[in-house]
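Peer 1:
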Amino acid sequence: MNTIVGVSVRQLRRLLHLCSLICPVILLRPMALVLTDGAEKEARRIIASQNAFEVLGLNSVDVKRETILRQYEEKVAPLRRLVRNRLAMEAKAKLDHAKMLLLDDQLRLKELSKFKTAHLNDMRKREELRDLEARTRMLESRAAALSP
């Protein structure tokens with residue numbers, strides 16, 4: 078027999094049913110506040126994304142209407158039923174915004190230019206970091222050669 082703290086599952090179901098009859102507002106959707114680990118990770122990733130391409134997980138080169146809609150539906154499906162979870166609703170709003178940006182041609186071009194400038198800035202930062210690391214290695218080797 079499956080039990081939770083000495084109470085059987087059947088008794089819990091009966092209790093939930095009785096409670097829902099007494100006050101249906103309380104138990105409308107008891108699971109609506111619970112996010113699974115995968116859905117929570119995905120929602121956090123979506124919220125932390127910097128641009129619409131990252132939100133929908135799309136490549137900036139090959140963006141077609143069908144792929145945008147397919148990716149949107151795939152990403153928003155687990156979040157639709159979680160109407161009372163703040164994290165899920167923020168992620169869904171960001172997905173809606175990304176879909177709107179990428180479906181409109183002018184907005185997509187603006188988003189693409191922002192994405193490219195951010196990508197170029199990242200590349201410059203990586204190159205600068207590589208140069209600093211090379212210079213640091215050179216200075217460390219000089220210091221090692223000078224010390225007895």
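If you read the sequence shown in the working numbering, its first letter stands for residue 78, the second for the next number, and so on. C-beta atoms are modelled at their ideal positions from N, C-alpha and C, and glycine is treated no differently. A quick note: this is a predicted structure, and the numbers were derived from the prediction, not measured.
Leaving out five residues before and five after Arg203 in sequence, what residues of the same chain have Cβ atoms less than 6 Å from its Cβ?
Peer 2: Around Arg203: no qualifying Cβ.
Peer 1: Tell me, to the nearest whole angstrom, how far the beta carbon of Ala168 is from that of Leu156; I am working on the premise that it is less than 8 Å.
Peer 2: 6 Å
Peer 1: Mind checking whether Ile145 and Lys176 have CB atoms under 8 Å apart?
Peer 2: yes
Peer 1: Less than 6 Å between C-beta atoms, sequence neighbours within five positions excluded: which residues of the same chain meet that for Lys118?
Peer 2: none
Peer 1: Measure the beta-carbon distance from Leu133 to Leu92 and round it to whole angstroms, keeping in mind my assumption that it falls under 8 Å.
Peer 2: Not confirmed; about 43 Å, so no contact.
Peer 1: Going by the beta-carbon positions, is the gap between Asn128 and Ala195 smaller than 8 Å?
Peer 2: yes
Peer 1: According to DSSP, is Ser85 part of a helix, a strand, or is it coil?
Peer 2: strand
Peer 1: What are the start and end residues of the alpha helix (DSSP H) that includes Ser218?
Peer 2: 182–223
Peer 1: Go ahead and pull the three-state DSSP assignment for Thr144.
Peer 2: helix
Peer 1: Quick check: what's the CA-CA separation for Ala211 versus Asp173?
Peer 2: Using only the alpha carbons, I get a separation of about 44 Å.
Peer 1: Put Val153 into one of helix, strand or coil per three-state DSSP.
Peer 2: helix
Peer 1: Identify, in the order they occur along the chain, each residue of the same chain with its Cβ nearer than 6 Å to the Cβ of Lys152, setting aside the five sequence neighbours on each side.
Peer 2: Leu172
Peer 1: Measuring alpha carbon to alpha carbon, tell me which of Gln88, Asp208, Ser218, Gln148 ends up nearest Phe130.
Peer 2: Gln148
Peer 1: According to DSSP, is Thr80 helix, strand or coil?
Peer 2: Confidence at Thr80 is low in this model, with a pLDDT of 46, below 50, so the placement of that residue is unreliable and no value is reported for it.
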